[in-house]
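For reference, the structure is listed below as structure tokens.
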Amino acid sequence: MKNGGAVGSDSKADKLAVCTDGPWAYVKKSLVQLFFSNYLNLLMLCTPFAAFSRFAGTNPGMTFTLSLLAIAPFAERLSYVTEQLALHTNETLGGLLNATFGNVTELIVSLFALRSGQLRIVQVSLLGSILSNMLLVLGCAFFFGGLRYREQTFNKTACALNSGLLMISVMSLLFPMVLQQTHSNIDDESVLKVSRWVSVMLLGTYGCYLVFQLHTHRHVFEDAKEEPGDGAQDDDEDDDDDEDDEEAVLGAWGAIFWLAVITVFIAFLSEFMVFSLECASVDWGVPNLFLGTIIIPIVGNAAEHAAAIIFAVKNKMELSLGIAVGSSTQIALFVVPLCVCIAWFFDIDLSLDFHPFETGTLLLTVILVAFLIQNGESNWLQGLMLVVAYCVVSAGFFVHVDAPEPGSNLTVESSVEC
């Protein structure tokens, strides 16, 4: 099995053997690593209080805050379990697994918002995940990696492909929005019909991208670094990689089991958050679009955020880019159209018209990131630029509210007395 490291096959097999000391030792070690190895896990204690607040109906704003705090450690543990599963795969598939399960929180939040009829929250939470990954996560990875290494390199071809796919997704949002805003469509159903069939095409495109990434052109996405600027740093980097090569604690089937368990907890907490979001916006004194676009994605992407920074500091830029940009590509090409198709199946009018402010923000973000990663090199200043751009976007959403649209079922109506 290849995993991009310089460790011998015997050593690797030893690291992947998880039951050598017996089943009870395995269970004990797994539980310790999962729940007692990270101080962030203390926030899991908010879960029963969030559940009590939700079902007792005491304070919806408090329910949102407690659920938000509780979901962060579960998202982080989801990332840890995914990394454990990725140890049994190659680096390309490992990056894809990290990106996929890193988006589980966003998908679950979107499905609960869809079920409750909060279609604008579905849209802006997915948009916020893309913006968070491309600006905040990638920016922090470039910044902290750049503080340790003067310049870091990564695969230009893979970045160009991701940039092109992201631009296609922006086009898919741009045309329904323009049709709606210019009133140049045939009838009121035209935008919805276009959105649904474009979503089907995007899902097909994502399927082709997976075949390209995992089968026909897998070599394009493999880690191709080995040429940093200074030899001393190279030696240090190799030593760090050898020392930090993770030991498999859970095993493949154990990781799959814990992925399922953690996903169930995230599902419950997501339902609590969606239920109480409107009252939380009143309690916090901010627009509900700000909570959906900025706050929820930051918490949902906490694990990806940490993983991308850690990989960047270790100079594993292929993994870092795979998590940040790859995750954005996956949301744009898979999660967004999937939500539209699910809504179509249940006859819910969710379209790809994300409104001018949101679509324009995404367009500028994709252009900025594509411009910065096109040469396959990064430094700390580029990271700072991306983080500043995210702060600018956050400031815009802090004061952004939807204009009243009579008759539109994309306007979020308050369904909870606060």
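Quick note: the sequence shown uses this note's numbering, first residue 18, plus one each step.
Think of the CB as a built atom: it goes at the ideal place given N, C-alpha and C, for glycine as much as any other residue.
For clarity, every value in this text was computed on a predicted model and none was experimentally measured.
For F414, the CB contacts under 7 Å within the same chain, skipping 5 residues up- and downstream, are L306, F307, T310 and I311 in chain order. Just so you know, the alpha carbons of Y223 and R235 end up roughly 15 Å apart.
A residue is called buried when at least 16 other Cβ atoms come within 10 angstroms of its Cβ; E335 meets this threshold and is buried.
The beta carbon of L59 sits closer than 8 Å to those of P90, all from its chain and outside the five residues before and after it, given in chain order.
Across the structure, G271 and V278 are spaced so that their CA atoms are roughly 11 Å apart. The alpha-carbon separation between A68 and F81 amounts to approximately 10 Å. When only Cα atoms are considered, I384 and N332 end up about 25 Å apart.
Between A297 and G145, the gap from beta carbon to beta carbon reaches 9 Å or more.
Remark: C-beta atoms of M151 and L403 approach each other more closely than 9 Å. Sequence-distant partners of V266 (beyond 5 residues in either direction) whose C-beta falls short of 7 Å from its own C-beta, in its chain, are V35, K46, S47, Q50 and Q101. Judged by DSSP in its simplified three-state form, S368 adopts coil rather than helix or strand.
In this chain, M151 is not harboured by any alpha helix (DSSP H), its DSSP state being neither H nor E.
Its chain contains S395, Q399 and G400 as the residues whose beta carbon lies nearer than 6 Å to that of F159, once the 5 sequence neighbours on both sides are disregarded; these appear in chain order. Across the structure, V342 and G393 are spaced so that their CA atoms are roughly 13 Å apart.
Here the alpha carbons of I348 and A175 stand approximately 17 Å from one another.
Within the model, the alpha-carbon separation for N202 versus V208 is close to 7 Å.
Out of G134, F66, F328 and N179, the CA that lies nearest to the CA of I359 is found in G134.
When C-beta atoms of the segment 162-176 are compared with those of the segment 372-382, fewer than three pairs fall below 8 Å, so the two segments do not count as touching. For T170, the pairing in a beta bridge is given by DSSP as E394. DSSP places Y223 inside the alpha helix (DSSP H), whose first and last residues are S207 to V228. If you ignore the 5 residues before and after S186, its C-beta comes within less than 6 Å of the C-beta of A349 and L350, all in its own chain and listed in chain order. One Cα belongs to I147, the other to S344, and the distance between them is close to 8 Å. Note that the C-beta distance between P354 and V215 is below 9 Å. Inter-residue distance for V217 and F72 is about 38 Å (C-alpha atoms, whole angstroms).
For Y97, the enclosing alpha helix (DSSP H) has its first and last residue at P77 to A103. Here the alpha carbons of H105 and A269 stand approximately 7 Å from one another. Between L143 and S127, the beta carbon gap of about 6 Å places them in contact (Cβ cut-off 8 Å). Annotation: the continuous alpha helix (DSSP H) that includes P65 extends over C63 to A73.
The alpha carbon of Y56 has as its nearest neighbour, out of F328, E93, N179 and T75, the alpha carbon of E93. Selection E123, T122 and R165 evaluated against F328 yields R165 as nearest (Cα-Cα). Ranked by Cα distance from F285, the first of C63, W41, Y43 and V44 is C63.
Annotation: the continuous alpha helix (DSSP H) that includes S345 extends over M334 to Q347. Burial is judged here by how many other beta carbons sit within 10 angstroms of a residue's own beta carbon; M188 has fewer than 16 and is exposed. Here F129 is not near S293, since their CB atoms are 9 Å or more apart. Between V121 and T346, the beta carbon gap of about 16 Å keeps them out of contact (Cβ cut-off 8 Å).
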